[in-house]
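Enquirer: Just passing along the structure, written as structure tokens.
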Amino acid sequence: MLAIAEHSAFNSLAKTGNRLCDRGWFMESKRIMTEHYRRRPANFDLVRLRLVESFYMIAIERVDRFSAAVIDAVNEALTAGLNNQKTWAGCSADSYSSDRALWWVLYLMDRQAAQRYGRSYLIHDTDFMVDDFSEECRQVLSTDRSVPIPFLVCESLDRTSSSNAENQPQHAYINQYEWFSYLQFLVTIGRLTARSCDSFYCLRSPKAGDHEETTIIDALLLRASNAICPTLAWQSDPAPDLSAIGQPASKQLTDLRLLVYLRINNLRLSIRRHLWKDRKLDLTDTSQYHRSESIPEVYICRHIASDIITALVDYKRIQPRPLMTLFSAISIIECIYNLVALPKVSSMMNENQCELVTEKVKKGVQCLEKLAYGRDTVAQTAYHRKQLFHLESQAERPIYLQP
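Those letters in the sequence shown? Residues 188 to 590, per the working numbering, in order.
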């Protein structure tokens with residue numbers, strides 16, 4: 188965690204981090220892990236450490252080591268019995284809650300690694316027996332849902348005075364219904380990600396390019412979106428609440444809303460894009476577009492990608508110093524890629540539509556520029572390669588990002 192903090196501080200406007208120091212902390216953690224492993228071969232603390240290691244690998248953009256850390260965490264969890272809550276006998280209520288959350292974080296990370304990096308997921312739904320959070324959601328609905336849950340919010344790394352009360356860590360509060368609803372949403376997203384991997388991403392996917400399966404998953408995503416707490420719904424054009432700006436609770440809710448919105452729409456974009464990619468069209472033959480069923484899917488993909496960029500631009504506007512810079516940068520890059528890579532021919536897009544797409548891409552690049560100014564390395568790399576975004580509003584052929 189110290190390594191992540193040093194790296195995050197170095198890659199932010201705070202200018203207090205040390206790039207060499209974060210690697211020093213990481214190597215120290217590896218040494219401690221080795222010593223601990225010799226004494227206690229399998230326990231839940233090692234799973235936690237492996238997961239934190241995977242978070243650090245995401246931060247330093249080591250994709251291979253991120254996937255390896257998740258695989259190690261899964262192996263440790265299965266060996267320690269984290270996948271079977273019946274083996275947790277005798278633990279306190281707090282320990283049970285912590286261990287269950289640990290399992291579902293691991294479950295979601297395994298799904299995300301499988302989808303993003305093209306490997307098979309390791310945790311199958313038949314391989315574990317751990318309750319989700321649906322029962323808590325029902326109980327909270329029938330009781331007082333306004334009971335607050337605290338979150339420690341540490342801010343203002345660049346402030347030098349530690350005596351001021353404003354510089355001390357603060358607690359943000361969201362109610363139980365919002366929290367358990369969000370946790371259950373993550374469980375649902377993990378399951379739908381696994382289903383999409385089985386249906387579309389495997390080498391022998393039986394339903395690759397299947398419009399019916401795509402529609403089913405899309406409907407399940409809509410159901411998950413409707414089932415979540417209404418206060419966690421992202422507004423299409425959120426107007427900042429001037430009375431709440433700077434308040435930890437407001438920032439926490441805004442972050443959760445954006446996460447819900449991005450997870451739903453990123454998955455929608457991924458499965459929809461397969462419908463026109465897997466038809467193996469000759470994208471240089473414009474006559475095929477008139478006969479193809481893929482035309483509506485191209486429009487849907489373009490619409491989803493445009494909406495995601497709009498949401499991220501709005502988020503950057505109401506959160507001048509966002510915490511989710513890495514996640515935001517990756518989402519913007521994927522959306523720009525989809526907007527530029529989608530077929531753009533005169534038979535499918537008029538002049539106004541081409542201008543709208545070009546404008547969305549420019550807004551995405553501008554948002555990347557702001558994130559790059561905050562020294563986010565992913566955003567910096569993408570922004571410096573923005574010349575690869577070959578924009579032509581009157582293109583007579585499909586435009587693709589160069590490798």
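Heads up, the beta-carbon is just placed ideally off N, CA and C, and yes, glycines get one too. Owing to the predicted nature of the structure, the values given are computational and were not obtained by experimental measurement.
1) In its own chain, which residues sit with a C-beta less than 7 angstroms from the C-beta of Val257, not counting the 5 before and 5 after it?
2) So Leu408 and Leu454 are in contact, right, with Cβ under 8 angstroms, and what is the actual spacing, rounded?
3) Do you know offhand how far Asp405's Cα is from Glu222's?
4) Could you check whether Arg444 and Trp421 sit closer than 8 angstroms to each other, using their CB atoms as the reference points?
5) Just reading off the alpha helix (DSSP H) that Leu238 is part of, what are its end residues?
6) In its own chain, which residues sit with a C-beta less than 7 angstroms from the C-beta of Tyr492, not counting the 5 before and 5 after it?
7) Which residue comes first and which comes last in the alpha helix (DSSP H) that contains Ile376?
8) Could you tell me whether the segment 281-291 touches the segment 241-255, using the rule of 3 or more Cβ pairs below 8 angstroms?
9) Look up Met164 in the DSSP assignment and say whether it is helix, strand or coil.
10) Measuring only the C-alpha atoms, how far is Phe315 from Arg378?
11) Considering only C-alpha positions, which residue in the set Asn270, Glu484, Ser392, Thr274 is nearest to His311?
12) Pick helix, strand or coil for Asn271, following the three-state DSSP scheme.
13) For my contact list, Phe231 and Asp319 are in at a C-beta cut-off of 8 angstroms; report their separation, rounded to the angstrom.
14) Between Glu365, Thr512, Phe253, which has its C-alpha nearest Glu556's C-alpha?
15) Just to confirm, is the Cβ distance from Tyr308 to Ala196 under 8 angstroms?
16) Taking 7 angstroms as the limit between beta carbons, can you name the residues of its chain near Glu365, skipping five residues before and five after?
17) Let's see if you can read the secondary structure: which residues bound the alpha helix (DSSP H) around Thr418?
Expert: Let me lay it out:
1) Ser241, Met296, Asp297, Ala300
2) 6 angstroms
3) 47 angstroms
4) yes
5) 231-246
6) Note on identity: in this sequence residue 492 is Ala, with Tyr being the wrong assignment. Counting only Cβ-Cβ distances below 7 angstroms, and skipping sequence neighbours, we find Leu456, Cys522, Asn525, Leu526.
7) 363-383
8) no
9) The requested residue 164 does not occur in the structure, where the chain is confined to residues 188 to 590.
10) 13 angstroms
11) Asn270
12) strand
13) That belief does not hold up - the Cβ atoms of Phe231 and Asp319 are roughly 19 angstroms apart, past 8 angstroms.
14) Thr512
15) no
16) Cys416, Thr418, Leu419
17) Unbroken run through Thr418: none, as it is neither H nor E.
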